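Heads up, the thing below is written out as structure tokens.
Protein chains in written order, with the numbering used here: chain A, 61 to 504; chain B, 27 to 245.
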């Protein structure tokens with residue numbers, strides 16, 4: 061792309077040159093007709109003046125008359141002839157040819173004599189019976205016009221060059237704030253995301269700097285989120301490791317068999333939970349890294365439901381929870397990949413089983429209407445408030461009542477997996493008690 | 027030495043309690059800020075082990091809150107290992123020490139004893155009262171170089187008395203220091219421990235101040 065400076069400069073210079081040329085053309089055309097007019101008037105005045113001398117006969121003492129002219133070259137070119145009515149040349153000025161300058165009719169005429177084009181004024185004096193012809197060559201007229209144009213154009217051309225230089229400097233100076241902003245951004249370190257602010261920045265540039273500041277703010281927020289994620293992940297990973305190590309220390313040092321058995325059981329439990337945490341972290345990383353793929357796949361809910369039931373078999377048994385698929389849901393086909401649906405459903409069902417009451421049902425149902433398709437997972441627990449649930453779609457955020465196992469990743473994974481398929485989650489606390497999470501795809 | 031552990035992870039909390047008890051400490055555990063606020067004034071704790079990420083708030087905020095209220099008990103923070111600013115912030119907010127997870131139980135116990143020692147203004151690890159020498163780390167008691175075998179409770183009672191030689195400590199103060207909440211305390215348990223200590227250490231070391239409590243004679 062052409063530089064802003066060159067662009068501005070070219071625009072201003074072209075516009076100036078155009079205006080200037082139009083003015084010059086107008087001046088030249090006007091001047092040319094003015095010159096013609098002035099010279100014609102001079103020819104006529106000269107003819108009248110010569111006639112008014114009341115010249116009678118060939119008196120050698122009377123010199124040929126020429127009108128006073130400033131320009132010597134013009135003076136030389138102005139010629140005069142006096143003819144008798146009988147057709148005899150009475151007198152002529154030094155520069156005049158011997159042949160008549162005009163055919164004899166009064167007024168202005170043009171004639172070529174010996175290859176030179178003349179413009180002539182012929183005056184017939186009825187009192188004296190003489191014809192006075194005063195003429196000048198067209199060459200001298202052309203010379204005058206050429207001189208005038210040259211006199212106009214040369215200073216204009218010099219002026220245009222000077223103006224261009226001044227414009228170049230001016231444009232440069234005018235664009236200095238752009239360079240300053242660019243230099244300020246270039247000089248920054250990769251982690252310096254302080255806003256540029258608005259002090260010392262011209263109004264025309266503030267939309268640009270505001271946009272840059274907006275980007276800075278978003279990047280800062282993203283970095284803070286990533287940092288928070290890392291801190292939370294570190295805590296979530298290192299806490300079970302600390303528990304493992306502590307119980308291993310106890311098992312190694314204690315001589316009491318009961319204490320050792322207890323610690324070994326804790327180690328086993330801790331390994332299970334750490335493994336689940338690692339799996340969830342990997343699931344989340346995978347879902348967040350997935351590209352959007354709306355509606356490209358078709359997965360029967362029934363198939364994925366069976367997988368989830370199988371995977372959570374021991375948890376279901378431990379909590380004595382029965383997982384049910386409603387008849388419409390068993391016929392449902394969802395526009396989402398099998399893997400994404402598995403992640404979403406497993407984590408939603410797992411949450412329902414863990415946080416809902418034991419000895420109860422968790423129901424997976426269908427949502428089908430003219431403009432949406434999806435599924436819901438329902439338990440009989442107290443659930444979360446809508447705000448709390450929304451917050452829990454961020455990793456490592458847990459509900460206020462959440463205690464014990466869990467790291468706050470389940471809803472985040474479900475959210476990421478569903479979002480990739482263009483599905484959104486909504487939350488509903490049921491009366492008298494119960495909690496339903498609905499995931500739908502809006503059909504447009 | 028009585029310690030309050032504030033940790034939300036059930037397995038780690040349980041491990042800390044069992045591990046520190048192995049080190050001869052009396053341990054109470056809570057799992058969130060709310061319970062910690064309630065627990066701290068109720069027990070005569072000599073140290074608090076405080077996790078940073080708790081379900082109902084940040085351990086760092088709880089720490090600052092306690093320090094503003096004038097709580098002076100030594101506090102050791104449990105932090106994730108690679109986050110230096112957590113430690114810096116913790117120390118700035120009034121923590122006395124920190125330990126990155128995962129950690130060694132022995133190191134944790136040693137740091138807690140060091141905090142206790144510092145709080146009592148003692149420079150050396152062992153307590154020396156006349157011919158009696160008590161080493162809290164090894165839980166070893168010697169008189170003129172001869173080792174006296176003591177039970178965990180007997181040692182704990184002796185430690186409480188030896189921290190302030192010559193000061194009279196009441197029976198309930200001793201109970202507070204050596205028993206956690208969940209533990210059953212028999213009505214004459216402290217008397218029994220004192221009796222046993224006298225038998226094992228010999229006469230003239232543990233004195234009874236009638237109607238007030240017990241003390242170790244400063245010689």
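Just so you know, even glycine gets a beta-carbon here, dropped at the ideal spot from N, CA and C. What you are looking at is a predicted structure, and each value in this text was computed from that prediction instead of being measured.
- Rounded to whole angstroms, residue 27 of chain B and residue 41 of chain B show a C-alpha spacing of 18 Å.
- Residue 497 of chain A places its beta carbon 8 Å or farther from that of residue 344 of chain A.
- Nearest Cα to residue 476 of chain A within the set A:407, A:437, A:170 and A:69: A:407.
- The region 159 to 178 of chain B and the region 72 to 86 of chain B do not touch, with fewer than three beta-carbon pairs separated by less than 8 Å.
- Look at residue 158 of chain B: its C-beta is not under 8 Å from any C-beta on chain A.
- In the three-state reduction of the DSSP assignment, residue 384 of chain A falls in the strand class.
- Of all residues in the region 320 to 331 of chain A, only 322, 323, 326, 327, 329 and 330 come within less than 9 Å of chain B when Cβ atoms are compared, listed by chain position.
- If you compare the alpha carbons of A:488, A:161 and A:146 with that of residue 140 of chain A, the shortest gap goes to A:161.
- At least one C-beta of chain B is nearer than 8 Å to the C-beta of residue 306 of chain A.
- Between the alpha carbons of residue 358 of chain A and residue 442 of chain A lies a distance of about 33 Å.
- Relative to the Cα of residue 112 of chain B, the nearest Cα in the group B:85, B:174, B:53 and B:180 belongs to B:85.
- In the pairwise beta carbon analysis, the region 194 to 208 of chain B is classified as touching the region 230 to 240 of chain B: at least three pairs are separated by under 8 Å.
- If you draw a straight line from the Cα of residue 486 of chain A to the Cα of residue 287 of chain A, it comes to about 28 Å.
- Contact annotation for residue 310 of chain A against chain B: 41, 44, 45, 48 and 131 [CB-CB distance below 9 Å, chain order].
- DSSP places residue 272 of chain A in no beta strand (DSSP E) but in the uninterrupted alpha helix (DSSP H) bounded by 266 to 313.
- Annotation: Cβ neighbours of residue 79 of chain B in chain A (cutoff 7 Å, chain order): 295.
- CA-to-CA, the gap between residue 366 of chain A and residue 35 of chain B works out to about 32 Å.
- One alpha carbon belongs to residue 329 of chain A, the other to residue 37 of chain B, and they sit about 8 Å apart.
- By the neighbour-count criterion, in which 16 or more other beta carbons inside 10 Å mark a residue as buried, residue 70 of chain A falls on the exposed side.
- In summary, no residue of the region 250 to 277 of chain A has a CB separated from any CB of chain B by less than 7 Å.
- Residue 182 of chain B and residue 213 of chain B have their C-alpha atoms roughly 17 Å apart.
- Among the CB atoms of chain A, one or more fall inside 8 Å of the CB of residue 37 of chain B.
- Taking 8 Å as the upper bound on Cβ-Cβ separation, chain B lies near no residue of the region 63 to 74 of chain A.
- Annotation: residue 142 of chain A to residue 92 of chain A spans about 30 Å, alpha carbon to alpha carbon.
- Cβ-Cβ separation between residue 389 of chain A and residue 424 of chain A: approximately 6 Å, consistent with a contact (criterion under 8 Å).
- Residues of chain B whose Cβ lies closer than 7 Å to the Cβ of residue 299 of chain A are, in chain order, 35, 38 and 127.
- Interface annotation, residue 291 of chain A: in contact with chain B, CB-CB separation under 8 Å.
- For residue 458 of chain A, the chain B residues whose Cβ falls inside 9 Å of its Cβ are 81, in order along the chain.
- Around the C-beta of residue 491 of chain A, fewer than 16 other C-beta atoms lie within 10 Å, and the residue is accordingly described as exposed.
- The beta carbon of residue 481 of chain A does not come within 8 Å of any beta carbon belonging to chain B, so the residue lies off that interface.
- Cβ neighbours of residue 231 of chain A within its own chain (closer than 6 Å, five residues either side excluded): 65, 68 and 69.
- In the structure shown, residue 193 of chain A falls within a strand segment according to DSSP collapsed to helix, strand and coil.
- Taking CB atoms only, residue 314 of chain A has a neighbour in chain B less than 8 Å away.
- Per DSSP, the unbroken beta strand (DSSP E) holding residue 178 of chain A starts and ends at 176 to 185.
- Taking CB atoms only, residue 303 of chain A has a neighbour in chain B less than 8 Å away.
- Its chain contains 99, 103, 134, 137, 138, 139, 178 and 179 as the residues whose beta carbon lies nearer than 8 Å to that of residue 196 of chain A, once the 5 sequence neighbours on both sides are disregarded; these appear in chain order.
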